[in-house]
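So the protein sequences, as listed, match chains A and B. Counting from 2, one number per residue, gives the positions in the first sequence under the working numbering. Counting from 78, one number per residue, gives the positions in the second sequence under the working numbering. Even for Gly, the Cβ is constructed at its ideal location relative to N, Cα and C. No experiment lies behind these values; they were computed from the predicted model shown.
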Amino acid sequence: MKIKVAADPKSVLEGSLEIANYFGYLSGVHHVQVDVERDANLGNCVGGILVDINGEKYKVRDKKEAAMLFVQGVILRKKVKDLAVKKVLPPEESRITPEVLIVKRNFGKYRDIDGYIFLGGYEALKKALKMKPEEIVEEVKNSGLRGRGGAGFPTGLKWESALKEKASEKFVVCNADEGEPGTFKDRMIIEEDPHALIEGIAISAYTVGANKGYIYIRGEYSDVAENLKRAMEEAYDRGFLGEDILGSGFDFELVLRFGGGSYIAGEETALLESIEGRAARSRFKPPYPTQKGLFGKPTVVNNVETLVKVPWIILNGAEEYRKYGTESSPGTKLFSICGKANKKVVVELPLGVTLREIVYAYGEGIYGEGELAMVQTGGKAGTFVSKEKLDVKLDFDAIKEGVSLGSGAITLIDDKSRFLDIALNVIEFFEHESCGKCVPCREGTFLVRKIISKMVEEGKVDCDALQEIERIVLIMKDSSLCGLGQSVHNPIISLIRMLERGEVA
Amino acid sequence: MVEEKVRNALEKAKEKALEEKDYIMEVVRCLHEQFGGYAPPEALELAAQFLEVSPSKLYEIATFYSLYTLRKEAKHVIRVCTSLPCHVAGGREIIETLKKELNIDFGQVTPDGMFKLEEVGCLGRCDTSPNMMVDGTLYKDLTSEKVTAILEAYRKGVIE
Numbered sequence: 002m003k004i005k006v007a008a009d010p011k012s013v014l015e016g017s018l019e020i021a022n023y024f025g026y027l028s029g030v031h032h033v034q035v036d037v038e039r040d041a042n043l044g045n046c047v048g049g050i051l052v053d054i055n056g057e058k059y060k061v062r063d064k065k066e067a068a069m070l071f072v073q074g075v076i077l078r079k080k081v082k083d084l085a086v087k088k089v090l091p092p093e094e095s096r097i098t099p100e101v102l103i104v105k106r107n108f109g110k111y112r113d114i115d116g117y118i119f120l121g122g123y124e125a126l127k128k129a130l131k132m133k134p135e136e137i138v139e140e141v142k143n144s145g146l147r148g149r150g151g152a153g154f155p156t157g158l159k160w161e162s163a164l165k166e167k168a169s170e171k172f173v174v175c176n177a178d179e180g181e182p183g184t185f186k187d188r189m190i191i192e193e194d195p196h197a198l199i200e201g202i203a204i205s206a207y208t209v210g211a212n213k214g215y216i217y218i219r220g221e222y223s224d225v226a227e228n229l230k231r232a233m234e235e236a237y238d239r240g241f242l243g244e245d246i247l248g249s250g251f252d253f254e255l256v257l258r259f260g261g262g263s264y265i266a267g268e269e270t271a272l273l274e275s276i277e278g279r280a281a282r283s284r285f286k287p288p289y290p291t292q293k294g295l296f297g298k299p300t301v302v303n304n305v306e307t308l309v310k311v312p313w314i315i316l317n318g319a320e321e322y323r324k325y326g327t328e329s330s331p332g333t334k335l336f337s338i339c340g341k342a343n344k345k346v347v348v349e350l351p352l353g354v355t356l357r358e359i360v361y362a363y364g365e366g367i368y369g370e371g372e373l374a375m376v377q378t379g380g381k382a383g384t385f386v387s388k389e390k391l392d393v394k395l396d397f398d399a400i401k402e403g404v405s406l407g408s409g410a411i412t413l414i415d416d417k418s419r420f421l422d423i424a425l426n427v428i429e430f431f432e433h434e435s436c437g438k439c440v441p442c443r444e445g446t447f448l449v450r451k452i453i454s455k456m457v458e459e460g461k462v463d464c465d466a467l468q469e470i471e472r473i474v475l476i477m478k479d480s481s482l483c484g485l486g487q488s489v490h491n492p493i494i495s496l497i498r499m500l501e502r503g504e505v506a
Numbered sequence: 078m079v080e081e082k083v084r085n086a087l088e089k090a091k092e093k094a095l096e097e098k099d100y101i102m103e104v105v106r107c108l109h110e111q112f113g114g115y116a117p118p119e120a121l122e123l124a125a126q127f128l129e130v131s132p133s134k135l136y137e138i139a140t141f142y143s144l145y146t147l148r149k150e151a152k153h154v155i156r157v158c159t160s161l162p163c164h165v166a167g168g169r170e171i172i173e174t175l176k177k178e179l180n181i182d183f184g185q186v187t188p189d190g191m192f193k194l195e196e197v198g199c200l201g202r203c204d205t206s207p208n209m210m211v212d213g214t215l216y217k218d219l220t221s222e223k224v225t226a227i228l229e230a231y232r233k234g235v236i237e
């Protein structure tokens, strides 16, 4: 008797070799003579590993199912209906983009500053301090690096505009508020590589001419922040922060500030308000923070992931960075896979990777009894994407096809979730987190929530009400003050479209 | 007593000042540490007096941000994540269990003053969803059984 186990790259990534070994183990335990073959051309299936027994195709998700299949299919020689696979995907679909470790280059490799220096840490800062600020700006501009917090603004342009401002004092701020549901990449960076963040911030400060900087970290991360605090102390002790850094004459003071539990504080102007000691409510733009930011001074606000890429770009050059990703969205992006995913992890992939690869090769599909129904990309303010559209390439242009990249959050949702349940969950969040400063957002989120609550109470969807919701969220998009109100239409309208197409009930 | 705590909080908050009065958020945070999880109005007013700012500046922070509060409402505050990544990964059942076990809704306190139940947008721990935080401690990969056991441990004083 022969068992074939899929061994194409996708299946291997999903742990097929382990399953194959397990069949070998089972044949030993049960004293049954079986030939286990690893077959790279068998094809694969969605959400599990493809196994072939006497021409019958089965999907196995874990060892428990493998054991069941072995007993029933091999020993008892029955057809195992529960595990029979519905659709086999051809092997061509199994090409997997490998991870590229730029941000994750030091993950799990060091414990203290000595370890970081041993790995080549702070070399980029040394190099940068010998360069002219204009040269650094040019390098970052050439790399095509765009903000990784969600908005995707070109980092080099931001730095250039702050550099050009004439002011007695300038600031840099690291946005570590990471409040976008489904996003936990910045926390990973702070836990795994705090020194690369400090180095990136110091380089940004030198470039724009700032002598003072803040890291604004969300209050919920106070335990994570301990690691960062320790790293900052080490950096001060070794002279990478403080006065006359490495004898260059450049002074830079960096301090930590905690948020108080507010989603909107992640919006850059609201964050500045918070540091200044006020409620986190967005400011009118312009003037932009690079012109008039913290305490009225030119300020550069960058996301954690963006800043961690800077030392790598300084050391390896813009051209090297551009080898990854697409023309308009160069480089890599961290994706945090969560929700119903089998594997909830942070992966670093070149932009332009397909959602299918992220969902199946890295997230390993979904667990439990249901099937994948949709994915929400980009966090709560991002779009719902149906499983029919998983081949969209994820980059900053994907929004043209209705898929937002946002913060890189990838939330897998199964078919047990209902339209009204998800819609209410989304709008309740925005109603709660709206700061209340501008009318469209404050009243819009309230009205939409009221309409959805009514439908939930009645237990049915009302088409006229859906039209009214669309009208409101589009008004919010055009007239809200900041990104919060402007992006509520993303999840709401994409979800309504899925309902119309019958992709969610 | 109150004055001492306020002075301690101010001193701690000021350690990290880069600009004049850039540490007002920190003052409220440090007051929470000093008073064990809340910042009472008299402390806010006293701190405002020392800082020479209007009390409304401190009230603004203490009332806008969800981690800050003016009163000690319960011995333990339970913050459970209601966002989609937790919601679809079993969070619905966790919330049902919490509400049933405590017999209260969001924003309410149990009659014995032991627990307050709050919903939060996201705790940033979606890799271990569903999650909740009790006071400052994170509980991850929750199941209904785990929630029941955790509540029991707090009730019996096994966890302070």
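Please decide whether Glu434 of chain A counts as near chain B, where near means a Cβ-Cβ distance under 9 Å. yes
Contact set for Val407 of chain A: own chain, Cβ-Cβ below 6 Å, skip 5 residues either direction: Reading the sequence as shown, one finds Gly at residue 407 of chain A and not Val. Same-chain partners within the cutoff: Gly151, Gly379, Gly380, Gly383.
Output needed in chain order: residues of the segment 270–281 of chain A with a Cβ under 9 Å from some Cβ in chain B. Ser275, Ile276, Glu277, Gly278, Arg279, Ala280, Ala281
Close-in-space but distant-in-sequence residues of the same chain around Glu164 of chain B (CB under 7 Å, 5 per side omitted): Note on residue identity: the sequence assigns His, not Glu, to residue 164 of chain B. Within the same chain, His164 of chain B has no close Cβ partners at all.
Simplified DSSP assignment, three categories, for Ser1 of chain A: Given a span of 2 to 506 for chain A in the structure shown, any question on residue 1 of chain A remains unanswerable.
With 9 Å as the threshold, decide whether the Cβ of Ile236 of chain B is near any Cβ in chain A. Ile236 of chain B does not count as touching chain A.
Checking contacts by CB at 9 Å: is Lys93 of chain B closer than that to chain A? yes
Within chain B, partners of Ile414 of chain A - CB distance below 8 Å: Leu161, Val165
Less than 9 Å between CB atoms is the rule here; does Ile359 of chain A satisfy it with respect to chain B? no
Which partner residues does Gly243 of chain A have in the DSSP bridge list? Beta-bridge pairing links Gly243 of chain A to A:Phe253.
Taking Val105 of chain B as the reference, which of B:Glu119, B:Gln126, B:Tyr145 has the closest Cα? B:Tyr145
For my contact list, Cys203 of chain B and Phe185 of chain A are in at a C-beta cut-off of 8 Å; report their separation, rounded to the angstrom. 5 Å
At which residue ranges does the segment 122–175 of chain A contain complete alpha helix (DSSP H) runs of 4 or more residues, listed in the order of the chain? 124–130, 134–144, 156–165
So which of B:Glu92, B:Ala86, B:Ser143, B:Tyr136 has the shortest CA-CA distance to Pro118 of chain B? B:Tyr136
What does Leu350 of chain A pair with, by DSSP beta-bridge criteria? A:Lys334
Mind checking whether Cys483 of chain A and Thr300 of chain A have CB atoms under 9 Å apart? no
Any chain A beta carbon closer than 9 Å to Lys149 of chain B: no
Under 7 Å between beta-carbons, which chain A residues line up against Cys203 of chain B? List them in chain order, please. Gly183, Phe185, Ser337, Cys339, Lys345
Is Asp9 of chain A buried or exposed, if buried means 16 or more other CB atoms sit within 10 Å of its CB? buried
Contacts that Ser263 of chain A makes with chain B (C-beta to C-beta distance below 8 Å): Phe141, Tyr142, Ser143
Tell me, please, whether the CB atom of Ile138 of chain B is closer than 9 Å to any CB atom in chain A? yes
Restricting to Cα atoms, I'd like to know which of A:Arg443, A:Cys464, A:Gly460, A:Glu459 is closest to Met477 of chain A. Here the closest residue by C-alpha is A:Arg443.
Distance between beta carbons of Val462 of chain A and Ile494 of chain A, contact taken as under 8 Å: Actually they do not touch by this definition, with Cβ atoms about 15 Å apart.
Simplified DSSP assignment, three categories, for Leu413 of chain A: strand
Would you identify the three-state DSSP class for Tyr26 of chain A, choosing helix, strand or coil? helix
What first and last residue would you give for the beta strand (DSSP E) that runs through Ser275 of chain A? First-last for Ser275 of chain A: 269–276, but that is the alpha helix (DSSP H), not the beta strand (DSSP E).
Taking the DSSP output, what are the residues bridged to Val211 of chain B? B:Ile155, B:Thr214
Those residues which DSSP pairs with Met191 of chain B across a bridge: Per DSSP, none; premise fails for Met191 of chain B.
Below-9 Å beta-carbon distance, Asp99 of chain B vs any chain A residue: yes
Quick check: what's the CA-CA separation for Ser28 of chain A versus Tyr361 of chain A? 29 Å
Separation of Cys158 of chain B from Lys217 of chain B, as counted between CA atoms: 11 Å
Helix or strand or just coil, what does DSSP make of Met78 of chain B? The answer is coil: DSSP assigns Met78 of chain B none of H, G, I, E or B.
Tell me, please, whether the CB atom of Arg149 of chain A is closer than 9 Å to any CB atom in chain B? Cβ-Cβ to chain B under 9 Å: no for Arg149 of chain A.
Beta carbon proximity, Lys134 of chain B to chain A, threshold 9 Å: yes
Buried/exposed call for Asn491 of chain A, threshold 16 Cβ in 10 Å: buried
Could you say if the segment 406–420 of chain A and the segment 326–345 of chain A meet the contact criterion of at least three C-beta pairs nearer than 8 Å? The segment 406–420 of chain A vs the segment 326–345 of chain A: in contact.
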